[in-house]
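Here the sequence shown stands for residues 2 to 224, where the numbers follow this note's numbering. Don't be surprised by glycine CBs; every beta carbon is placed ideally from N, CA and C. Just so it is clear, the structure is predicted and the values come from calculations on it, not from any experiment. One structure is given below, encoded as structure tokens.
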Amino acid sequence: MALIFVRTAIIFITLLAVMRLMGKSQIGEMQPFEFIITLLIAELACIPMADSTIPLLYGVVSIAAMFILHQTVWLLDLWFRPMKAVICGRPSLVITRDGIDEYQLKKNNLDVSDLIESMRAAGYFSLDDVYYGLYEANGSFSALEKEQKTCSLAVTLIDGGRLNAHNLATCGIDRQQLDGFLKEQGAPLKKVLVMTVDGNGRVYFQKKGGRYKIFYLEAKNRW
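What follows is the structure, encoded as structure tokens:
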């Protein structure tokens, strides 16, 4: 028991030293290669701590090897700028002044609902609260917000050509009213990228491959 305690303490001190040397990004928002290295270090640290038959030196050397790999990749990133895009990727501009860029979303294996969730987490509750929105290489969402943001929560009625019947009922908009609106816009349901409506009846509407537009619909419910 005492041996396991001592081995665990040594691994803990080694990990603490290595993580400190790797820099603050290791305890903040990590780049993909940093995340992979952190996972591997955690796995390598568990083996010698739990199994006393494995020489402790093996665990220490493995963790040190991960640190050397981290520093190597970091130096490549620092000295050869094109390597940054290869190793970490590039930021993706998913919202422009024309609206949502569906291609960039799909390129990052995201959909409109993922984007809306990221925006809400960042404090934006309507898709047109920002001029530009992008996902950084580490996956965090950044935006250039508008001077005036909407003061009502927008709910999604259509996402990627799929109707959210629950939200439609919550807004107090019947299907006939929605179908009439879509007919006016010359957009069948399957051709709509996104449609949201807020508590004031303000509609954000964008067809696939088109520019977003703002409309107003008479909704029975307010929130």
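Counting along the chain, residue 158 sits inside no alpha helix (DSSP H); it lies in the beta strand (DSSP E) bounded by residues 155 to 160.
CA-CA distance, residue 81 to residue 74, rounds to 10 angstroms.
Contact between residue 162 and residue 191 holds, with the beta-carbon distance rounding to 4 angstroms and staying under 8 angstroms.
For residue 176, there is no enclosing beta strand (DSSP E); the residue is found in the alpha helix (DSSP H) stretching over 176 to 185.
Boundaries of the alpha helix (DSSP H) harbouring residue 108: 103 to 108, taken from the DSSP string.
The bridge partners DSSP lists for residue 214 are 206. In terms of CA proximity to residue 220, 171 leads the group 171, 41, 181, 110. Within the stretch 57 to 144, the runs of alpha helix (DSSP H) at least 4 residues long that lie entirely inside it are, in chain order, 57 to 80, 82 to 89, 103 to 108, 113 to 122. Taking 7 angstroms as the cut-off, the beta carbon of residue 124 is found no closer than this to the beta carbon of residue 95. The residues 130, in chain order, have a CB closer than 6 angstroms to that of residue 150 in the same chain once the five nearest residues on each side in sequence are set aside. For the pair residue 110 and residue 128, the Cα-to-Cα distance works out to about 19 angstroms. Shown here, residue 148 sits in coil according to DSSP, grouped into three states, outside any helix or strand. Secondary structure of residue 54 (DSSP, three-state): coil. A residue is called buried when at least 16 other Cβ atoms come within 10 angstroms of its Cβ; residue 52 does not meet this threshold and is exposed. Counting along the chain, the unbroken beta strand (DSSP E) around residue 194 starts and ends at 193 to 199. The beta carbon of residue 137 lies closer than 7 angstroms to those of 92, 143 in the same chain, with the five residues before and after it left out. If you draw a straight line from the Cα of residue 183 to the Cα of residue 189, it is about 6 angstroms long.
Counting along the chain, residue 168 sits inside the alpha helix (DSSP H) bounded by residues 166 to 172.
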